[in-house]
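One structure is given here, and the rest of the page talks about it.
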Ligand code: FES
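Numbering (this note's numbering), first residue to last: 181 to 497.
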């Protein structure tokens, strides 16, 4: 269940998408941030925010293994046991951690510090065998390395830095970032400003963004900010579409699903058709190959004639 502040964050997430339902995966991560798992209340709140049924939300939440139905511990430790990791000792690592912690798949230690899982390929096969903590990668882990990692968690010590990225912050904090909201501590950054805007706090002084934090982490600016003129331009485009009796959601270029938010600011930008080189006009080449080049504008032949001549040339050849 979202707090008042998280509700504002959730609404800001929904506002990022032309179709509300597209925000479901980020919202489920936000539920995990708030509740430590995918709770029934969280499912109901996602359904209400996105105008979906609880069954639709539940179907998605149970499809992806990253969404946990049981309460997670402070850290989620995942051991990859797919092929590349298995042949380099991943199964032994997992078996050792299971025995050490007395846990089975997706179970949490009694002190609430670790949830353990084995995972399918985590996409870092060159670092096999791979262990992740809160989805941060520790590559080439021996059984002893993985045990030391778990010992540090159990002792409440600061974890060693992963192969790249910040020190694992805890699965709830990681879930906040996975929701697309940046690091939790970025309370005055662009994400928070967008959320404040969604909450209706317009017009005040814009707080300065905090510096990115965490070793190796550079927070991306993921919320575009638009000038008042740009917003007015977009609203005018939508109004024109509505005046024509159409729904802007259905019209590309007017806020619809396939619309770019705004055209490129590059004055030389030209939309490029699939199958053509940059700058090339879409059309049919003299060889009759779609997209291979434009037909000369003064060529009096029809497309059928060009195609027939192309066929003849290839038969002659
Ligand atoms: S098989 Fe383990 S990361 Fe791909």
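Just so you know, even glycine gets a beta-carbon here, dropped at the ideal spot from N, CA and C.
Around the C-beta of residue i, are 16 or more other C-beta atoms found within 10 angstroms, so that it is buried, or is it exposed?
i           : result
residue 282 : exposed
residue 314 : buried
residue 409 : exposed
residue 380 : Bear in mind that a pLDDT of 48 at residue 380, under 50, signals an unreliable position, so the number given afterwards is only what the model happens to contain. Exposed.
residue 289 : buried
residue 199 : exposed
residue 225 : buried
residue 425 : exposed
residue 183 : exposed
residue 252 : buried
residue 250 : exposed
residue 261 : buried
Going by Cα to Cα distance, which pick from the options is closest to residue i?
i           : options               : result
residue 258 : 227, 296, 271 and 199 : 296
residue 277 : 256, 359, 421 and 345 : 256
residue 247 : 279, 213 and 234      : 213
residue 124 : 286, 300 and 192      : The displayed coordinates of the chain run from 181 to 497. Any statement about residue 124 would go beyond what the structure contains.
residue 274 : 350, 335 and 321      : 321
residue 319 : 302, 332, 331 and 333 : 302
residue 329 : 345, 344, 346 and 311 : 311
residue 323 : 272, 413 and 357      : 272
Are residue i and residue j touching if we call contact CB-CB under 8 Å?
i           : j           : result
residue 229 : residue 194 : yes
residue 207 : residue 235 : no
residue 422 : residue 216 : no
residue 308 : residue 355 : no
residue 327 : residue 280 : yes
residue 316 : residue 340 : no
residue 223 : residue 203 : no
residue 359 : residue 209 : yes
State the beta-bridge partners of residue i as determined by DSSP.
i           : result
residue 256 : 295
residue 317 : 312
residue 127 : This structure cannot settle anything about residue 127, because the visible part of the chain is limited to 181 through 497.
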